[in-house]
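Going by UniProt numbering, the sequence shown opens with residue 1, and the numbers climb by one from there. The C-beta atom is built at its ideal place from N, Cα and C for all residues, glycine as well.
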Amino acid sequence: MTGPRTGINWMNLPFADPPADSRAREFVAWSRSYLTHPHPGLGRPGPVCPFAAPAIAHRHLWAAFVDSRNSPYTDNDDDAMTPLVDDMYELFVTLTGRRPGKVPHALVTVFEGLNDNAVIDAAQARHKTRFVEHGFMLGQFYDGCPQEGLWNRDFRPLSTPLSMLVARNMMTTDLPFLLEHREWVRAYLDTFAPKLPSALRATLADDIHASGETGITHSHRHLIGDDPAQ
């Protein structure tokens, strides 16, 4: 799949056989060794990333590799990455619409040779709302990413050797990541509880946002589950 604004190509990664592209081979090896396995610091059983294994098994994982040393999209400018993220959003809408169902999808952009990961944080913060409103998540991964784990605050699950932006389906376990803004909580409820009356969803969004993390205990997180948005 090629982004119409950037010309960047996101390739459907073959996990059954080693990819011909050396960058893709590195990404596949890392995904298998980290995302699909348990980690002692995670604080819960199961793999680091619950959606990775099914996405890999169904070939629902796509990746592009951007040489940051020669790319206009990683300039230290708030708008520099907007065309790339716009492409990610539109391609992911098309991708998930073409392959409906409960198997999760992921669209990954790997930034090679990136010296300043602040541009990834800035892009994620700037564009997250648009993804969330559509039932998606936009995540940032890089070496030293300070995002705490849901089950162990000392664990940093997004601190990875590869610098990446990742679009994926929202999952039920994402609620704690959405408490910061009421509209994010509302989008979560619209995604996972669409049959509730709209007024009730609005009231629940207000209450959940107001209570914040204090309203979601460790035991509640266990009950949230790990289902992806359809």
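- Three or more pairs of CB atoms, one per stretch, sit closer than 8 Å, so the stretch 65 to 84 contacts the stretch 110 to 130.
- Distance between Pro54 and Arg32, taken at the CA atoms: about 12 Å.
- Note on Asn169: 16 or more other CB atoms within 10 angstroms of its CB, so buried under the neighbour-count rule.
- Each of Val110, Val119 and Ala64 was checked against the Cα of Thr160, and the nearest Cα belongs to Val110.
- By the criterion of a C-beta distance shorter than 7 Å, Pro146 is surrounded in its chain by Arg156, once the five residues flanking it on both sides are discounted.
- Residue pairing by DSSP puts Trp62 in a beta bridge opposite Asn12 and Leu107.
- With 16 or more other Cβ atoms inside 10 Å of its own Cβ, Asp190 counts as buried.
- Of the residues His60, Thr96 and Val108, the one whose Cα lies closest to the Cα of Ile8 is Val108.
- Per the coordinates, the alpha-carbon of Gly3 lies some 21 Å from the alpha-carbon of Asn76.
- Counting along the chain, the unbroken beta strand (DSSP E) around Arg168 starts and ends at Ser163 to Asn169.
- Take the alpha-carbon of His134 and the one of Ala187: they are about 8 Å apart.
- DSSP, read as helix, strand or coil, puts Met1 in coil.
- Leu138 is bridged by DSSP to Ala167.
- Under the Cβ criterion (8 Å, minimum of three pairs), the stretch 46 to 60 counts as touching the stretch 10 to 30.
- Nearest to Ala122 by alpha-carbon distance, out of Gln140, Ala24, Asn152 and Pro38, is Gln140.
- Under the three-state reduction of DSSP output, Asp207 falls in the helix class.
- Around the beta carbon of Pro197, fewer than 16 other beta carbons sit within 10 angstroms, so the residue counts as exposed.
- By the CB criterion at 8 Å, Tyr89 and Ile120 fall outside the cutoff.
- Counting only residues of its own chain and dropping the five nearest sequence neighbours on each side, Gln124 has a CB closer than 8 Å to the CB of Leu138, Gly139, Gln140 and Leu165.
- Counting other Cβ atoms within 10 Å of its Cβ, Leu84 reaches 16 or more and is therefore classed as buried.
- Inclusion of Gly46 and Asn152 in the CB contact set at 8 Å is not warranted, their separation being larger than that value.
- Only residues of its own chain outside the window of five on either side were considered, and among them Phe51, Pro54, Ala55, His60, Arg168, Asn169, Met171 and Pro228 have a CB closer than 8 Å to the CB of Pro104, listed in chain order.
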